[in-house]
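Let me begin by presenting the structure, written as structure tokens, before commenting on it.
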Amino acid sequence: MTKPAIVCVDDETSILKSLKEELKNIFGNDYKIEIAEGAEEALELVAELLDNKCEIPLIISDYIMPDMKGDELLRRVHQLSPKTLKVMLTGQATIEGVANAIKYAKLYRYLAKPWQQEDLKLTVTEALNSYIQDKKISDQNAKLQLANQQLEGLNRQQAELIAELNQAERKYRGLFENALEGIFKLLLTDVISVQIAP
Numbered sequence: 005m006t007k008p009a010i011v012c013v014d015d016e017t018s019i020l021k022s023l024k025e026e027l028k029n030i031f032g033n034d035y036k037i038e039i040a041e042g043a044e045e046a047l048e049l050v051a052e053l054l055d056n057k058c059e060i061p062l063i064i065s066d067y068i069m070p071d072m073k074g075d076e077l078l079r080r081v082h083q084l085s086p087k088t089l090k091v092m093l094t095g096q097a098t099i100e101g102v103a104n105a106i107k108y109a110k111l112y113r114y115l116a117k118p119w120q121q122e123d124l125k126l127t128v129t130e131a132l133n134s135y136i137q138d139k140k141i142s143d144q145n146a147k148l149q150l151a152n153q154q155l156e157g158l159n160r161q162q163a164e165l166i167a168e169l170n171q172a173e174r175k176y177r178g179l180f181e182n183a184l185e186g187i188f189k190l191l192l193t194d195v196i197s198v199q200i201a202p
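Under our numbering, the first residue of the sequence shown is numbered 5, with each subsequent residue one higher.
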């Protein structure tokens, strides 16, 4: 099974390297740390990871990039992978940009540049824990839904069986009642013929 990936996007190589190094120090080998130097590269990377069935619990993106703003990138990533949590990392985001990311990409958090190591660690750890909890809840809901469907199927089978048993009971009750009436008539006929006989 492939390790889940954290995707980091920034047009400044030095920031990407620093971010990747800090995340590796925090999480060791628990996650693949993937980097992209722009929004288009990030979209290709996300699509490739998803095609390879690699989970992407988190994407961290800069806001100001030459090819596309971070809020637009996060909106597009959200369309590809709605469960991926998104963190915007920038010192220049506008309120409108952050609002767009919250509204259209379900932005998880905003981190200011330059970030504090402890703040980055706390934010990313909370995001990953939130992702894991949401996944567990989603998995449990799927199991519960499957169990409910199975139970509904068993209830239908039980109802069909009860209907068949009720029909069989009516049939045999009718046969029994008719048989009793027939036996009674037969006995009555025998009694009458014995009494009439000389």
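Using N, Cα and C, we set each Cβ at its ideal position, and we do this for glycine too. Please read all numbers here as calculations on a predicted model, not as lab measurements.
Separation of residue j from residue i, as counted between CA atoms
i: I64; j: D71; result: 17 Å
i: A131; j: G74; result: 18 Å
i: K87; j: L54; result: 12 Å
i: E44; j: K110; result: 20 Å
i: L105; j: E76; result: Here residue 105 is Ala; the residue named in the question, Leu, does not match the sequence. Cα to Cα, the separation comes out at about 7 Å.
i: Y67; j: R79; result: 12 Å
i: H82; j: A163; result: 45 Å
i: Q137; j: D143; result: 10 Å
i: K125; j: K139; result: 21 Å
i: A172; j: L165; result: 10 Å
i: E52; j: Q149; result: 31 Å
i: A116; j: G42; result: 19 Å
Of the listed residues the options, nearest to residue i (C-alpha basis)
i: I19; options: C58, P118, L165, E122; result: P118
i: L23; options: E59, K140, A40, P61; result: A40
i: D34; options: E48, N56, I10; result: I10
i: E16; options: K147, T94, L124; result: T94
i: P61; options: I68, V50, Y108, Y67; result: V50
i: K57; options: G42, S85, I37; result: S85
i: C12; options: T6, E59, I37, Y135; result: I37
i: S134; options: E52, K107, L89; result: L89
Cβ neighbour criterion (16 or more within 10 Å) applied to residue i
i: A46; result: buried
i: Y176; result: exposed
i: G101; result: buried
i: D14; result: buried
i: T129; result: exposed
i: L27; result: buried
Where residue i falls: helix, strand or coil (DSSP)
i: E16; result: coil
i: Y176; result: helix
i: K90; result: strand
i: K7; result: coil
Residue i: CB within 7 Å of a non-hydrogen atom of the ligand SAM
i: S142; result: In terms of ligand content, the structure shown is empty, and the ligand SAM therefore cannot be addressed.
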